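To start, the structure under review is shown below, and the notes come after it.
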Amino acid sequence: MNKLLTFVSSLILLAACTNKDLYNLGKDYQKSDCIDKAQNEAQYNECLLKEHKTYQEYKDARKKVINP
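As C-alpha cells, then:
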C-alpha cells in the first residue's frame with residue numbers, strides 16, 4: 104500500500120509540471136552532468152558557456168520537424 108501511495112503521489116507531482124518545466128529540468132541536468140564530468144578548467148568553462156535553446160526555440164524547431 105505504501106508503494107502505491109508513493110507512486111500515485113509521484114504521478115500527481117509529475118502531472119503538475121508543465122512541458123516547459125520538464126524541458127528546463129532536463130537542460131539543468133545536462134549542464135550539471137557536464138560540469139561534473141569536466142576534467143579541467145577549460146571543459147568546466149565550456150559547460151558554463153554552452154548555449155542552450157530556450158523552450159520556445161525548442162518548441163519552434165520541433166514544430167518544423169513534425170509539420171514541415
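Note that this note's numbering has the sequence shown beginning at 104, numbered continuously upward.
Glycine included, every Cβ here is placed at the ideal spot set by N, Cα and C.
Keep in mind that this is a model prediction, so the values were computed, not measured.
Handout entry: Whether A164 touches C150 by CB criterion (8 angstroms)
Key = no
Exercise for the section: Below 8 angstroms on the Cβ atoms is my guess for Y126 versus Y158; work out the distance and round it to an integer in Å. Expected result: 5 angstroms
Practice task
Output the distance between the C-alpha atoms of V168 and V111, rounded to the nearest integer angstrom.
Solution key: 34 angstroms
Problem - Cut-off 8 angstroms between Cβ atoms - residues of its own chain near Y161, not counting five sequence neighbours on either side - result: Y126
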